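First up is the structure itself, then whatever we jot down about it.
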Amino acid sequence: GIRDIGVTGVQTCALPISVRIAGNTTTTGDFTIEWFQYATTVGNSFPRIFAIGNYPGQSIGVSQEGSYSSRTFYAWMPSANAIESGQNYTNTWIHFAICRSGTSLRVFKNGTQIGTTLTNSTNFADSTNALRIGNETSASSAAAFKGYITNFRWTKGQALYTSNFTRPAAPLSAFRAWRMSVPSCSSV
């Protein structure tokens, strides 16, 4: 069935946020992982938006690597897939979505597919490491994302987007009761 986890509201607490999810966290079929981000600076080597595990053995994760004006978006599943390069992701809100339908994996930025459709049937199963938002599971300064991440949502069992779409204008909502919680932080 469809299961959804989500974090809403811009958090002013320090990233990263580490999340343990009760129950079965294995992702074997269709899924969507989406979030809004606002990078305030680059300042490090390979900032992770999220990860389960650590380089080079992470189960799944996203990094945006390079200089200010020439970042490359990598989807780690579990190896690196360069999706988009030559981009500046700082000082603007951007919506990203990673969707797998069958074995077709697509990445969208502000509703438009970036990169080519990848073939992926990886079973993302990791009973050891927590999902970490804003870094790798074992936090490091080189992997720290500097900025804001909001409306992070992981939907298991459904690829919400399989073609270009209109970027969400309102906060993302949960579909079913599978939610992760984060430490209490004041919201902006």
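What the sequence shown shows, in the working numbering, is residues 445 to 632, in sequence order. Built from N, CA and C at the ideal position, the CB exists for glycine as well. In this text, all values refer to a predicted model and were calculated from it rather than measured experimentally.
Could you round the C-beta distance between residue i and residue j to whole angstroms and report it? I think they count as a contact, below 8 angstroms.
i, j, result
"Ala-586", "Asn-498", "11 angstroms between Cβ atoms; not a contact."
"Gly-495", "Arg-576", "The question names Gly, but residue 495 in the sequence shown is Ala. At roughly 6 angstroms, the Cβ-Cβ gap stays under 8 angstroms, so Ala-495 and Arg-576 are in contact."
"Ala-524", "Tyr-518", "5 angstroms"
Which residues in the same chain as residue i place their Cβ atom closer than 6 angstroms to its Cβ, once the five residues preceding and following it in sequence are excluded?
i, result
"Thr-471", "Phe-568, Lys-600"
"Glu-580", "Arg-492, Ala-495, Asn-498, Ala-587"
"Asn-535", "none"
"Glu-509", "Phe-490, Thr-516"
"Glu-528", "Phe-517, Ile-558, Gly-559"
The beta strand (DSSP E) spanning residue i covers which residue range?
i, result
"Arg-492", "492-496"
"Arg-576", "575-577"
"Leu-616", "Neither: Leu-616 is in no beta strand (DSSP E) and is coded neither H nor E."
"Trp-537", "Element bounds for Trp-537: n/a, residue is neither H nor E."
"Lys-553", "548-553"
"Gly-510", "504-511"
"Ala-483", "475-483"
"Tyr-518", "514-520"
"Gly-591", "591-600"
"Thr-560", "556-563"
Could you tell me the distance, in whole angstroms, from the CA atom of residue i to the CA atom of residue j?
i, j, result
"Met-511", "Thr-566", "It is worth fixing the name first, because residue 511 is Ser in this sequence and not Met. Approximately 30 angstroms, taken between the alpha carbons."
"Ser-513", "Gln-557", "20 angstroms"
"Ser-503", "Gly-530", "26 angstroms"
"Pro-612", "Leu-549", "20 angstroms"
"Thr-561", "Phe-609", "16 angstroms"
"Pro-500", "Val-486", "21 angstroms"
"Ser-584", "Asp-474", "31 angstroms"
"Thr-484", "Ser-507", "15 angstroms"
For residue i, which residues in the same chain have their Cβ closer than 8 angstroms to its Cβ, ignoring the five residues on either side in sequence?
i, result
"Val-582", "This sequence places Ser at residue 582; Val is not what is there. If we look at Ser-582 and ignore the five residues flanking it on each side, its Cβ neighbours are Asn-498."
"Ile-538", "Phe-480, Gln-481, Tyr-482, Lys-553, Asn-554"
"Thr-547", "Thr-563, Asn-564, Ser-565"
Report all residues from its chain with a CB closer than 7 angstroms to the CB of residue i; omit the five preceding and five following residues, and keep chain order.
i, result
"Met-521", "Ile-504, Asn-564, Thr-566"
Inset, instruction - Please determine if the segment 475-490 and the segment 579-599 are in contact, where contact requires at least 3 C-beta pairs separated by less than 8 angstroms. - result: Three or more Cβ pairs closer than 8 angstroms define a contact, and the segment 475-490 meets that threshold against the segment 579-599.
Inset, instruction - Report yes or no: do three or more beta-carbon pairs, one from the segment 536-550 and one from the segment 604-616, lie closer than 8 angstroms? - result: yes
Inset, instruction - Decide yes or no for the touch test of the segment 549-556 against the segment 569-580: beta carbon pairs closer than 8 angstroms, at least 3 of them. - result: no
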